[in-house]
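The sequence shown begins at 1 in the numbering used here and counts up one residue at a time. Just so you know, even glycine gets a beta-carbon here, dropped at the ideal spot from N, CA and C. Being a predicted model, the structure only gives us computed values, none of them experimental.
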Amino acid sequence: PCPHQSACCAYGVTLSDDEAAAITAVHGAAVVYRTRWGEWRTRRRGGRCVFLKDNVCGIHSEPYYPAVCRGFPWTDAETGGPYEYDRTICPEFVLRPELVSIHRSA
């Protein structure tokens, strides 16, 4: 379990077309939306991803678990390379920056 109340899950998630279709097929259209620039995203309720319940992801073990979530915080789903953006999303990296170094050297 995450010691930081799953802070990274507060934003909702970018989805591929296939992920959005699979999630919609199982959970209905109300849990995803398309941005004005054409990107699929999970909805947020109460400032959290709709699938986050008691700081646990409700779709973590599902085959349609989003690639963005699957790789975070180590892998950028778009590039396949290391995640390089806002590392402050995960408070553990602020508290323990050596985690990034350890992972990258592995």
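Check each candidate in R41, V13, D17, E62 and name the one with the smallest Cα separation from V26.
On the sequence shown, residue 26 is found 26 positions in, with the first residue counted as 1. Nearest C-alpha to V26: E62.
Taking C8 as the reference, give the member of A67, Y64, C49, K53 with the closest Cα.
Reading the sequence shown from its first residue, position 8 is the one you call residue 8. The residue with the shortest Cα to Cα distance from C8 is C49.
Let's test the definition: count the other Cβ atoms within 10 Å of the Cβ of H60 and tell me whether it reaches 16, buried, or not, exposed.
Here residue 60 is taken as the residue at index 60 of the sequence shown, counted from 1. By the neighbour-count rule (16 or more Cβ atoms within 10 Å), H60 is not buried but exposed.
Going by DSSP, which residues form a beta bridge with R48?
Indexing the sequence shown from 1 puts residue 48 at position 48. R48 is bridged by DSSP to R45.
According to DSSP, is C90 part of a helix, a strand, or is it coil?
Taking the sequence shown and counting its residues from 1, the one referred to as residue 90 is at position 90. Of the three classes helix, strand and coil, the one that applies to C90 here is coil, per DSSP.
Looking at the unbroken beta strand (DSSP E) that takes in V26, where does it start and where does it end?
Here residue 26 refers to the residue found at position 26 of the sequence shown. From DSSP, V26 is part of no beta strand (DSSP E) but of the alpha helix (DSSP H) over 17–27.
State the DSSP-derived secondary structure class of V68, mapped to helix, strand or coil.
Translated into positions along the sequence shown, residue 68 becomes position 68. Note: V68 maps to helix in three-state DSSP.
Distance, Cα to Cα, T42 vs L15?
Here residue 42 refers to the residue found at position 42 of the sequence shown. Here residue 15 refers to the residue found at position 15 of the sequence shown. In this structure, the straight-line span from the alpha carbon of T42 to that of L15 is close to 7 Å.
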